[in-house]
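Numbering (this note's numbering), first residue to last: 1 to 577. Note that CB positions come from ideal geometry on N, CA and C, so glycine has one too. Since this is a predicted model, take the numbers as computed values, not measurements.
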Amino acid sequence: MSGTSGTKNVGEAISGPAVARPRPTAPAVQTPVPAAPGTDLGTHEVTNQPPPLAGFDPLACDPALVDAVEREGAGGALPTLALLGEKVASEEFREHARLANENSPVLRTHDRYGRRIDEVEFHPSWHALMGLSVGWGLHAAPWQAAPGTGAHVARAAGFYLVSQLEQGHCCPISMTYASVPALRHDPALAASFEPGLTARMYQPGLARPGSKTGLLVGMSMTEKQGGSDVRAGSTVATPSDDGTYRLTGHKWFTSAPMNDLFLTLAQAPRGLTCFVLPRVLPDGSRNAIRLQRLKDKLGNRSNASAELEYDDAVGWRLGEEGRGVVTIIEMVSMTRLDCVLGSAGTIRAALSEAAHHVAHRSAFGERLADQPLMQSVVADLALESEAATALALRLAGAVDRGETELLRLALPASKYLVCKRTPTVVAEAMECLGGNGYVEESGLPRLYREAPLNSIWEGSGNVTALDVLRAVTKEPDSVEAVLQEIDAAAGVDSWFDRARTELRTELRSREQRTARRLAELLALCLQGSLLLRHAPEEVSTAFVSSRFLPDGPWRTAGTLPAAAHTEALLGRVSPRR
């Protein structure tokens with residue numbers, strides 16, 4: 001065989017004069033000598049692989065985020081966000097994210113002596129992630145600030161950053177943030193719990209809420225027979241003589257069951273009502289909240305999601321009897337905002353991995369980032385990221401300024417589109433890494449398992465689209481507020497103007513069958529308006545030409561028009577130290 005030491009090639013074997021040949025003899029038996037341990041066999045040198053991504057600057061490669069934070073009134077928070085970004089991108093916290101997901105929480109229903117304890121055991125890395133987000137005030141600190149000061153925008157940007165690090169722990173952070181406006185339906189309850197909720201102190205463990213410096217809140221609404229149809233819930237709340245209620249029922253999904261308080265829905269004498277239930281009662285005894293099992297989920301593995309049972313559990317009424325949905329809807333709205341922010345963060349995390357890989361990997365004699373087709377793919381992902389980020393921060397600005405009419409329609413539409421696009425973006429980013437992206441060590445499989453979550457939680461696609469349709473039908477002020485936002489970019493681009501006209505046609509039809517199309521087009525128009533007004537021309541032009549042409553946006557990534565400035569788009573978003 002050619003290339004084997006001491007062996008002639010075929011040409012040498014059949015050429016040359018005939019010579020006398022010695023009689024063949026049996027070859028001597030040779031015992032192979034194993035290579036000494038640690039011997040370099042020349043096969044273990046690593047080349048053409050990117051360096052670790054840890055240590056990059058998440059703000060330096062995300063001008064869409066920086067611009068949106070400044071535009072929405074929180075520019076003064078950028079130095080603080082840069083410090084948070086250092087933590088998010090550090091090797092230490094990226095390792096915490098890995099460990100928290102590889103070591104899922106464990107339910108302990110009883111102690112060694114057989115006493116019921118209903119506790120969930122988390123890995124230390126979970127607590128490190130929670131301590132990071134609570135310590136930076138991403139749970140509820142903005143509610144201490146005056147409206148219009150940019151506090152909610154700054155918090156949204158921070159939530160977006162930690163979502164890029166690890167999504168599971170963001171669930172209790174989000175629910176705690178969302179609980180405050182709901183609690184304010186009862187000034188006495190708000191006064192009792194709000195100081196603990198807004199404190200930047202992570203204090204895990206079960207104890208009386210009044211004895212803890214920091215508190216966290218969960219939300220427990222869905223039941224197995226109803227799901228999103230919370231009015232079908234069968235949990236019963238019976239009034240007690242002391243002004244409390246006793247709740248009995250089974251809840252199908254309750255995330256973060258070790259939180260201190262839960263907002264829950266139950267059927268009171270006058271109808272569906274919202275209640276606050278503590279894990280530990282004021283006298284120090286455990287409330288009768290039984291954890292039945294933890295869900296075995298596709299993703300979000302670091303976070304515990306439980307089925308729980310109220311066995312004559314004690315709760316305080318929040319808001320009027322029979323007005324439970326109205327009371328808790330403010331909490332749902334804020335968690336929907338975090339669904340958009342979290343999905344935008346997931347998109348950005350996938351983009352960072354893809355852009356970093358192609359910047360350091362070569363194929364066919366050329367760096368991937370210099371090859372036109374790869375440029376087109378990653379540039380398309382960058383457009384999706386910039387649009388999602390701009391829209392998410394615009395919604396946060398609306399929260400900060402109290403633009404309730406805009407939020408009523410824009411929020412469910414944005415949740416519908418941004419969360420729907422996330423799995424597709426992550427899958428494309430995974431392909432940029434090829435087989436390496438399919439391996440757990442790359443981190444992309446975890447992102448891919450997380451990607452569908454926000455589209456399901458707080459109302460899956462149909463529920464959210466129907467909420468859009470309901471707002472269009474019943475709340476004309478919200479339609480006017482959204483159209484005013486979209487029309488701010490009127491006349492800038494002819495294809496965008498065509499989409500604005502099409503949107504008005506869809507708004508008039510109001511058919512359930514087309515509710516998804518309406519939600520998608522409305523959110524796309526919001527994104528287009530924001531980018532046309534605020535993004536560089538290479539971003540806005542590429543976005544509009546690829547999302548608003550007659551064939552529509554449903555196509556694979558990397559099919560941008562030839563005029564798109566793909567190199568410039570890629571350069572804007574590539575991570576750098």
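Could you spell out the range, first to last residue, of the beta strand (DSSP E) harbouring residue i?
i, result
"histidine 152", "Not the beta strand (DSSP E): histidine 152 falls in the alpha helix (DSSP H), residues 151-165."
"tyrosine 113", "Unbroken run through tyrosine 113: none, as it is neither H nor E."
"glutamine 292", "289-294"
"threonine 273", "271-278"
So, is residue i buried or exposed, given that buried needs 16 or more other C-beta atoms within 10 angstroms?
i, result
"serine 125", "buried"
"alanine 392", "buried"
"phenylalanine 56", "buried"
"serine 15", "The predicted model places serine 15 with a pLDDT of 37, which falls under 50 and marks its position as unreliable; any figure quoted below should be read in that light. Serine 15 comes out exposed."
"proline 172", "buried"
"alanine 562", "exposed"
"alanine 313", "buried"
"valine 106", "exposed"
"leucine 433", "buried"
"arginine 408", "buried"
"asparagine 48", "exposed"
"valine 426", "buried"
"alanine 146", "exposed"
How is residue i classed by DSSP in three states: helix, strand or coil?
i, result
"glutamate 309", "strand"
"lysine 415", "helix"
"tyrosine 202", "coil"
"leucine 265", "strand"
"lysine 420", "helix"
"proline 124", "helix"
"serine 90", "coil"
"lysine 251", "strand"
"methionine 221", "coil"
"glycine 233", "coil"
"tryptophan 136", "coil"
"proline 590", "There is simply no residue 590 to check, as the chain begins at 1 and stops at 577 in what is shown."
"glycine 402", "coil"
"tryptophan 600", "Residue 600 falls outside the range modelled here, since the chain spans only 1 to 577, and no answer is possible."
"alanine 396", "helix"
"proline 282", "coil"
"glycine 148", "coil"
"valine 314", "strand"
"aspartate 467", "helix"
"proline 575", "coil"
"arginine 510", "coil"
"aspartate 370", "helix"
Could you check how far apart the C-beta atoms of residue i and residue j are, in whole angstroms? I think they sit under 8 Å.
i, j, result
"leucine 261", "valine 217", "5 Å"
"glycine 135", "arginine 200", "5 Å"
"phenylalanine 496", "alanine 488", "Phenylalanine 496 to alanine 488, Cβ: 11 Å. No contact."
"arginine 279", "leucine 206", "6 Å"
"alanine 499", "alanine 429", "With a Cβ gap of about 27 Å, alanine 499 and alanine 429 do not count as contacting."
"alanine 64", "threonine 389", "4 Å"
"alanine 182", "threonine 273", "Contact flag wrong, Cβ pair sits at about 13 Å."
"alanine 481", "leucine 395", "Actually they are not in contact, since the Cβ atoms of alanine 481 and leucine 395 sit about 12 Å apart, beyond 8 Å."
Distance check for residue j and residue i, CA to CA, integer angstroms please.
i, j, result
"valine 10", "threonine 43", "For valine 10, the predicted model reports a pLDDT of 30, less than 50, meaning its position is unreliable and no value from the coordinates is stated."
"valine 468", "proline 412", "6 Å"
"leucine 197", "threonine 556", "44 Å"
"glycine 345", "proline 445", "16 Å"
"alanine 568", "alanine 542", "11 Å"
"phenylalanine 275", "alanine 382", "43 Å"
"alanine 97", "cysteine 419", "22 Å"
"proline 536", "arginine 510", "35 Å"
"lysine 474", "alanine 515", "15 Å"
"threonine 176", "leucine 132", "15 Å"
"threonine 235", "valine 539", "51 Å"
"glutamate 485", "arginine 231", "34 Å"
"alanine 453", "threonine 422", "The amino acid at residue 453 is misidentified as alanine; the sequence shows leucine. Each residue's alpha carbon lies about 10 Å from the other."
"glycine 461", "threonine 149", "33 Å"
"leucine 337", "phenylalanine 253", "20 Å"
"proline 372", "threonine 566", "8 Å"
"glycine 606", "glutamine 144", "This structure cannot speak to residue 606, because the chain is shown only from 1 to 577."
"lysine 297", "alanine 74", "36 Å"
"glutamate 580", "alanine 60", "Summary: the structure shown does not reach residue 580, with the chain confined to residues 1 through 577, and so no result is reported for it."
"serine 174", "lysine 224", "23 Å"
"valine 69", "alanine 354", "24 Å"
Tell me which residue opens and which closes the alpha helix (DSSP H) that residue i is part of.
i, result
"cysteine 170", "170-183"
"histidine 357", "324-360"
"alanine 488", "Element bounds for alanine 488: n/a, residue is neither H nor E."
"serine 545", "537-547"
"proline 445", "444-450"
Hey, is residue i close to the ligand GDP, as in C-beta under 8 Å from one of its heavy atoms?
i, result
"proline 105", "Absence of the ligand GDP is noted for the structure shown, with no ligands found whatsoever."
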